[in-house]
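Novice: Take the sequence shown: its letters are residues 2 to 234, numbered as in the working numbering.
Glycine included, every Cβ here is placed at the ideal spot set by N, Cα and C.
Small disclaimer: the values here were computed from a predicted structure and weren't measured.
Take this structure first; my questions come after.
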Amino acid sequence: MKRINIAIDGFSSCGKSTLAKQLAHHLHYTYIDSGAMYRAVALYVIENGLVIDGKLDKPNLLRVLDRIHIGFKHDDATQRSETWLDGHNVEHRIRGMEVSRHVTLVSPVPEVRAKLVQLQKAMGRERGVVMDGRDIGTVVFPDAEVKFYMTARPDIRAMRRYNELKGRGVVVDYASVLENIERRDDDDLKRAADPLLKAPDAFEIDNSDLTSSEQFDIALGHVVKAIGVVTEA
Ligand code: DC
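Here you go:
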């Protein structure tokens, strides 16, 4: 059966990764969370003294950028792909609020984007990839056979993220989660380099009032049209 790439873009906490994982599992494709790579760079700058008075020390980041190693490894125990930074598993650390607060320092930097986009393009070369992010259908895989642009109301997205963090035992209040989501939306829309845009050929899914299985059925319908019938995994 023809293998394709699937691009999923949208704001933070739009359910992109839920859909991406469902599709990857169903199709036996590789799921790649491009946001994790931006989070790994944010963790790097936090841990290496490259944030001074809340500002990024960009000259020093650019000096070391080529030497920062970011990748994914499959964990057989959890059956999940985990994010690695310079030889360390950082999957847990990149999901906290501190990284969420700092990621907008690094995500607009063109050199950071160029490095990560190059890595992401290489990951999709053999096809059979579902990747989620902000610029996947427009910049990383402009030739993806199927593209989705996901949306949901900000209050719904903040509540989902709040519940997810609480579920992982993170102490956080709803107002700061909403504030962080709104700030990252603003960065996604306004940054000069690769802002969040709906690709002209993307299918838009507003999942504010959809269950994840309803959303999956809609998305799978589009995928099936692109590659032919897919049987149950
Ligand atoms: O998907 P996420 O919330 O984990 O992404 C973390 C941050 O990285 C988010 O604030 C936007 C940024 N990002 C990006 O600029 N481009 C991508 N392809 C993916 C994420």
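Taking residue 167 as the reference, give the member of 180, 212, 97 with the closest Cα.
Specialist: For residue 167, the nearest C-alpha among the options comes from 97.
Novice: Note down, in chain order, each residue of its chain lying with its Cβ closer than 8 Å to the Cβ of residue 52, except the 5 sequence neighbours on either side.
Specialist: When the five nearest sequence neighbours on each side are left out, the beta carbons in the same chain lying within less than 8 Å of the beta carbon of residue 52 are those of 46, 58, 103, 106, in order along the chain.
Novice: Out of 151, 56, 86, 95, state which residue places its alpha-carbon closest to the alpha-carbon of residue 21.
Specialist: 151
Novice: If I follow the unbroken beta strand (DSSP E) through residue 75, where does it start and stop?
Specialist: 71-76
Novice: If contacts are defined as beta-carbon pairs under 8 Å, then residue 133 and residue 13 qualify, I think. What distance do you get, rounded to the angstrom?
Specialist: Not quite, the Cβ-Cβ distance comes to about 11 Å (not below 8 Å), so this is no contact.
Novice: Helix, strand or coil: how does DSSP classify residue 208 here?
Specialist: coil
Novice: For the beta strand (DSSP E) that contains residue 32, what are its first and last residues?
Specialist: 31-34
Novice: For residue 147, does the three-state DSSP call read helix, strand or coil?
Specialist: strand
Novice: Under the rule that 16 or more other beta-carbon atoms within 10 Å means buried, what is residue 140, buried or exposed?
Specialist: Counting the other Cβ atoms within 10 Å of the Cβ of residue 140 gives 16 or more, which makes it buried.
Novice: Output the distance between the C-alpha atoms of residue 237 and residue 31, rounded to the nearest integer angstrom.
Specialist: With the chain covering only 2 through 234, there is no way to say anything about residue 237.
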